[in-house]
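J.: If you count by mature numbering (1 follows the signal peptide of the UniProt record, and there is no 0), then the sequence shown holds residues -23 to -1, 1 to 169, one letter each, in order.
Where is the CB? At the ideal position from N, CA and C, for every residue including glycine.
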Amino acid sequence: MKLNVIATSLVLSSALFSGATLAADGTVHFRGEVIDSTCTVTTDTSNQTVNIGRVSVKTFAGIDSTASVKDFHIRLEGCPATYTQAAVRFDGTEDKDTIGKGYLSIGTPVNEDGTDGEFTGSGDAIAATGVAIKLFNLSDDTAIPLYNNSKYVAIADGKADMGFKAKFVQTLATVTPGTANADSQFTIEYLK
């Protein structure tokens, strides 16, 4: 009796699984590269605050006009000899009024604490409207839209110094006063 039950169970289970077949429908190709170590961003330029300053709303002359320029640098050291050039790609929130131009949106309002450009995030500050931050290559004043590479700079003796400018840019017909702060993350791109 037990033998009949086991035999019947085996026949039924093999009938249930006999419909499954294996087929070759495609191939997954995996590609990659093992790279040399990358450069190190110097401590004084890896997490910096660029104080663009204060500017009057009357300084702006119309949409796309700029005001209050501030230079800043991102420096690399310890670069392996396999890399010959480096560029920076700035990421962040694109200004909603000028989608496609790559301007950095003004973000959460914060109060400036003192004259050193330190912002506390306390108080009841109001963010400016009608402005964003536009980034430029320092060497030739060409714009660097968000998510695009800056100009490539030569790496010499394991070091590179990439210079940039930040400017306020008018994005709407009317500019209203307030804090004008934003954050941007950056990624270093290399050429061999």
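For Thr75, which three-state DSSP category applies?
T.: Position 98 of the sequence shown holds residue 75. Helix.
J.: One question on the structure: do Thr106 and Leu168 come within less than 9 Å of each other, judged by their Cβ atoms?
T.: In the sequence shown, the residue the question calls residue 106 occupies position 129. In the sequence shown, the residue the question calls residue 168 occupies position 191. No, the pair does not count as a contact, with Cβ atoms beyond the cut-off.
J.: May I have the straight-line CA-CA distance separating Thr151 from Lys144, to the nearest angstrom?
T.: Indexing the sequence shown from 1 puts residue 151 at position 174. Indexing the sequence shown from 1 puts residue 144 at position 167. Using only the alpha carbons, I get a separation of about 17 Å.
J.: Have a look at Asn28, Asp68, Cys16 and flag the residue whose alpha-carbon is nearest the alpha-carbon of Thr156.
T.: Residue mapping note: residue 156 aligns to position 179 of the sequence shown, counting from 1. Closest by alpha carbon: Asn28.
J.: Determine which residues share a DSSP beta bridge with Ile165 and list them.
T.: As a position in the sequence shown, residue 165 is number 188, starting the count at 1. Val65.
J.: What is the residue span of the beta strand (DSSP E) that Thr20 lies within?
T.: Taking the first residue of the sequence shown as 1, we reach residue 20 at position 43. Counting along the chain, Thr20 falls outside any beta strand (DSSP E), though it belongs to the alpha helix (DSSP H) covering 20 to 23.
J.: From Thr19, Val108, Leu112, Ile76, pick the residue whose C-alpha is nearest to that of Val34; which is it?
T.: Stepping through the sequence shown from its first residue, residue 34 is reached at position 57. Of Thr19, Val108, Leu112, Ile76, the residue nearest in Cα terms is Val108.
J.: Restricting to runs no shorter than 4 residues, where is the alpha helix (DSSP H) found entirely within the stretch 118 to 143?
T.: Whole alpha helix (DSSP H) segments, 4+ residues: zero.
J.: Let me check understanding here. Comparing Cα to Cα, which of Ala63, Asp160, Ala58 lies closest to Gly84?
T.: Along the sequence shown, read from residue 1 onward, the residue named residue 84 stands at position 107. Among Ala63, Asp160, Ala58, the Cα nearest to that of Gly84 is on Asp160.
J.: With 16 other CB atoms within 10 Å as the buried threshold, where does Phe7 fall?
T.: Counting from one through the sequence shown, the residue named residue 7 turns up at place 30. Answer is exposed; the Cβ neighbour count stays below 16.
J.: Which class does residue 170 belong to by DSSP, given the choice of helix, strand or coil?
T.: No answer is possible for residue 170: the residues shown for the chain start at -23 and end at 169.
J.: Quick one, are the C-beta atoms of Phe67 and Tyr124 less than 9 Å apart?
T.: For the purposes of this step, residue 67 is taken as the residue at position 90 of the sequence shown. For the purposes of this step, residue 124 is taken as the residue at position 147 of the sequence shown. Yes; because the gap between Cβ atoms is below 9 Å, this pair is in contact.
J.: With distance defined between alpha-carbon atoms, name the residue in Ser42, Gly55, Thr36, Glu10 nearest to Cys16.
T.: Your numbering for residue 16 matches position 39 in the sequence shown. Considering only alpha carbons, the answer is Gly55.
J.: Buried or exposed: where does Ser82 fall if 16 or more other Cβ atoms within 10 Å of its Cβ makes it buried?
T.: For the purposes of this step, residue 82 is taken as residue 105 along the sequence shown, with counting starting at 1. Ser82 should be labelled buried.
J.: Given a cut-off of 9 Å, decide if Val65 and Gly165 are closer than it, judged by their beta-carbon atoms.
T.: Indexing the sequence shown from 1 puts residue 165 at position 188. Indexing the sequence shown from 1 puts residue 65 at position 88. Checking the sequence, you will find Ile at residue 165 rather than Gly. Closer than 9 Å, so yes.
J.: Once DSSP output is grouped into helix, strand and coil, what is the label at Thr156?
T.: For the purposes of this step, residue 156 is taken as residue 179 along the sequence shown, with counting starting at 1. It is a strand residue.
J.: Please work out which residues of its chain come closer than 6 Å, Cβ to Cβ, to Ala58, disregarding the five sequence neighbours upstream and downstream, and give them in chain order.
T.: The residue you call residue 58 lines up with position 81 of the sequence shown. Cβ neighbours of Ala58 beyond the five flanking positions: none.
J.: By DSSP, does Val5 sit in helix, in strand, or in coil?
T.: To locate residue 5, count along the sequence shown from 1; it is residue 28. If DSSP states are grouped into helix, strand and coil, Val5 belongs with coil.
J.: Please look up how many angstroms separate the CB atoms of Arg52 and Asp138, rounded, as I've assumed it's under 8 Å.
T.: One-based indexing of the sequence shown puts residue 52 at position 75. One-based indexing of the sequence shown puts residue 138 at position 161. With a Cβ gap of about 5 Å, Arg52 and Asp138 count as contacting.
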